[in-house]
Amino acid sequence: MTAPLPTTPLPTAPPQVAAPVPAAPAAVPGAFAADPGAFLQPGVAAEPGKAMKALAFAREQIGRPCVWGATGPGAYDCSSLTQAAWRAAGVILPRSAPEQTLAGTPLTLAAIEPGDLVFFFDDDSHVGIYAGGGTMVHAPSPGALIREESIYNAGESAIHRVIRPA
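Numbering-wise (my numbering), the sequence shown opens with residue 2 and increments by one.
Written out as structure tokens, the structure reads:
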């Protein structure tokens, strides 16, 4: 048998007010660079109309061949797919994946939204367009077909950075 609970309220300490202390930059979970202040945090929204147009274009390419150096419309490589998708939304991106890392705002993985670009490997040699729910549309490798699949297929450590196109 358990003891009855007390019926009188327990005393509480008065709230303490402290002077604000400037916060030192702290590591941001999911950040991909040395300056965590350079990243958008969760809740900072992309321009949804453009992002959805880019994603819709990318999804329309599912099933087309992935060919190294191809720039569409019949076949794409990874960076030409993201370039064409965002061009369909009115945003001009550079041609190569490493150049595309400079064409937007860096994000944490926690802040990723559909339409954002996900870059893989230390040299940013692969890119896909985030589709939501942990998936992306990408041209995986020469000889494969453009498809939607998990951003974690190569392991979370393969994700190098996330960019929201400008």
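Cβ coordinates follow ideal geometry from the N, Cα and C atoms, glycine included.
From what residue to what residue does the alpha helix (DSSP H) around residue i run?
i   : result
P99 : 98-101
A86 : 79-89
Which same chain residues, not among the five before or five after residue i, have their C-beta less than 7 Å away from its C-beta?
i    : result
W87  : A55, L94, P166
S151 : G135, T136
I160 : L110, V119, F121, I152
A98  : C79, S80, F120, D125, S126, H127, V128
A140 : C67, Y77, D78, C79, L82, I147
Put residue i into one of helix, strand or coil per three-state DSSP.
i    : result
G44  : Because G44 carries a pLDDT of 42, less than 50, the predicted location of this residue cannot be relied on, and the following value inherits that uncertainty. DSSP places G44 in coil when its eight states are reduced to three.
G105 : strand
G133 : strand
Skipping 5 residues on each side, what residues in its chain have a beta carbon closer than 6 Å to that of residue i?
i    : result
T72  : S81
A155 : none
Which residues bound the beta strand (DSSP E) around residue i?
i    : result
P115 : P115 -> no beta strand (DSSP E), and no H or E assigned at all.
I164 : 160-166
E149 : 148-151
Does the distance from the C-beta atom of residue i to that of residue j stay below 8 Å?
i    : j    : result
R60  : E149 : yes
V68  : A57  : no
T83  : L118 : yes
F120 : V128 : yes
V138 : A132 : yes
T106 : R162 : no
Compare the C-beta of residue i against all C-beta atoms of chain C and say whether one is closer than 8 Å.
i    : result
P115 : Here there is only one protein chain, and chain C is not present.
Take residue i and list the residues in its own chain whose beta-carbon comes closer than 8 Å to its own, dropping the five residues that flank it on each side.
i    : result
P143 : C67, V68, W69, D78
G91  : K51, K54
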